[in-house]
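In the working numbering, the protein residues as written are 1 to 548.
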């Protein structure tokens, strides 16, 4: 009898950790699917090419690091993904975190942090904890995303205006804005014109030719102008010396125990942010296609991709919503599309790497300015502020902490506040019914009068989850029995869940009733609720259990 159940459980676990690539290939893969995936992969590569370099530069890394991330990390994300449509690469949400890590620990420290973060993501996925990462309140996500968008835009002001700073650009937002304001006298009009031209071309093509690759066209046009007119602006070539025309050999980041300990907080932040971002991207793809992703396999894929990216000199990689949505809209049908997108970017650096030297940094800053505007969830932000005071507190706390303190602090505080508000709301729906009337903590009437009085029996029905947040209200009501009857019946048929804190408090009320000579019966408790009560000592002869 048990053998088929074990096998079924093993099969379910095996399915959870089967990459969608294998599932797609098992369905059959022919020329039509390959053609659709190739076109989608090329479309995504055209979008990802300038974005990967722009995000890497904004993060304090080289443009080559962004390309290596898109190639190596992007390939492994798609090959092992729990989603058919996920596209991996460097993401704007990581810019602040990567920049801070490089600033504190150097680029080698970032590689080590990314390697450790990858191992953590693999462990989280294998432990099947992916489901819990998704339990993040909507106001937290809106506040986080909007805060990141503002930080990204602020990080691009220097290149948008072609400013020259006397020293290193501060990482914190307020000091950064102060330093940029002080350097306004060094504004480069040519750089400003190029950045505005880039933004104008992207937005214009999006309106009149939405199917055209606006990002690539805008950057290519700006690079052509720099090359033909010898414009006096900073380019990838002048700042970074261009990009290499081959992939680097993989190498293991060097580390000591002290460095490992120092880098661990950054690794934890990278793993948490990468897991959240990738699962959000997979959920977006599910909504667009009607498919369902495998969250734990997705985390394992992200972990492998981050470890591989760090070994090849790449930065943090995660599933990216914009590129994943582009893949879906372009007609990608299997993870092969994402793998091909990585190969197309590799083909670019093998063939056209020298041309990248002419790309002006003002153009890439213009690309990220558009990205940051699109990232900011303006409508959702305004709607939350307008419709819910409690959610607005969570939103603003997350938003302000992300901008002025730290990304993970903002998310952590937002989740805690959201959880407290949720528990308060859940506690408010819990009622104690005495007869046909509902009693609450604020009732001043004697509960002995309000209760259904049938001879010497008081009957109470509790409705709602009996957890620590609601236990005070429930116990206060039950504790107001003016004169104890011979028998008290507690109907728990309306309680879907009980925790140990509420059970302990309930036991105190039962003990008091027994001390006054009353017999207590519990009616209608579900098996799950009954197990919690029994565990806390609410059992015979203290109480008698009976069906509702």
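From the three backbone atoms N, C-alpha and C, an ideal C-beta is built for every residue, glycine too.
Own chain, CB closer than 6 Å to residue 555, minus 5 neighbours either side, in chain order: With the chain running from 1 to 548 in the structure shown, residue 555 is simply not present.
If we require 4 or more residues per run, which alpha helix (DSSP H) segments fall completely within the region 382–446? 389–404, 407–428
Using only the alpha-carbon positions, how far apart do residue 243 and residue 354 sit? 7 Å
Would residue 363 and residue 228 qualify as a contact pair, given that the criterion is a beta-carbon distance under 8 Å? no
Can you tell which of 106, 66, 141 has the C-alpha that lies nearest to the C-alpha of residue 401? Per the C-alpha coordinates, the member of 106, 66, 141 positioned closest to residue 401 is 141.
Check whether the Cβ atoms of residue 499 and residue 468 sit closer than 8 Å, and answer yes or no. The criterion of a C-beta distance shorter than 8 Å is satisfied by residue 499 and residue 468.
What residues in its chain sit with their C-beta under 6 Å from that of residue 463, if we drop five residues either side in the sequence? 431, 494
Buried or exposed: residue 235, going by 16 or more other Cβ atoms within 10 Å of its Cβ? buried
Who pairs with residue 461 in a beta bridge, going by DSSP? 433, 491
Fully enclosed by the region 289–340, which alpha helix (DSSP H) runs are 4 residues long or longer? 295–311, 321–329
Is residue 449 helix, strand or coil by DSSP? Residue confidence for residue 449 is low, a pLDDT of 41 falling below 50, so the modelled location carries little weight and cannot support an answer.
Mapping DSSP to helix, strand and coil, what is residue 136? coil
Can you look up residue 233 in the DSSP assignment and give me helix, strand or coil? coil
Run through DSSP, which three-state label would residue 496 get? coil
Applying the criterion that 16 or more other CB atoms from any shown protein chain within 10 Å of the CB defines a buried residue, is residue 459 buried or exposed? buried
Secondary structure at residue 171, three-state DSSP: helix, strand or coil? coil
CA nearest to the CA of residue 182, picked from 163, 199, 190, 172: 163
In three-state DSSP terms, what is residue 118? helix
Give the single residue among 160, 320, 486, 84 whose Cα lies nearest to the Cα of residue 457. Taking only the C-alpha atoms, the option nearest residue 457 is 486.
Taking the Cβ atom as the reference point for each residue, do residue 367 and residue 161 lie within a distance shorter than 8 Å? no
For residue 519, three-class secondary structure by DSSP: strand
For residue 429, count neighbouring Cβ atoms within 10 angstroms of its own Cβ and tell me buried if that reaches 16, exposed if not. Exposed is the call here.
Let me know the secondary structure DSSP gives residue 128 once reduced to three states. coil
Name the one or two DSSP bridge partners that residue 544 has. 521
Within 8 Å of any Cβ in chain B, is that where the Cβ of residue 147 sits? Of the protein chains in this structure there is only one, and it is not chain B.
At the level of alpha carbons, what is the spacing between residue 48 and residue 359? C-alpha separation (whole angstroms): 15 Å.
Have a look at 415, 254, 325 and flag the residue whose alpha-carbon is nearest the alpha-carbon of residue 391. 415
Do residue 139 and residue 532 have their C-beta atoms within less than 8 Å of each other? no
Buried or exposed, going by whether 16 or more other CB atoms sit within 10 Å of the CB of residue 130? buried
Let me make sure I understand the geometry here. Which of 35, 18, 42 has the alpha-carbon closest to that of residue 348? 42
Mind checking who residue 88 pairs with in its DSSP beta bridge? 319
Counting Cβ pairs, one atom from each stretch, are 3 or more of them under 8 Å apart for the region 22–36 and the region 332–349? yes
Nearest-angstrom Cβ-Cβ length linking residue 147 and residue 399, presumed shorter than 8 Å: Yes, they are in contact, since the Cβ atoms of residue 147 and residue 399 sit about 5 Å apart, within 8 Å.
Express the C-alpha separation of residue 285 and residue 17 in angstroms, rounding to a whole number. Each residue's Cα considered, the two are about 19 Å apart.
What's the gap between the Cα of residue 281 and the Cα of residue 325? 8 Å
Among residues of its own chain, excluding the 5 on either side of residue 371, which ones have a beta-carbon nearer than 6 Å to its beta-carbon? 92
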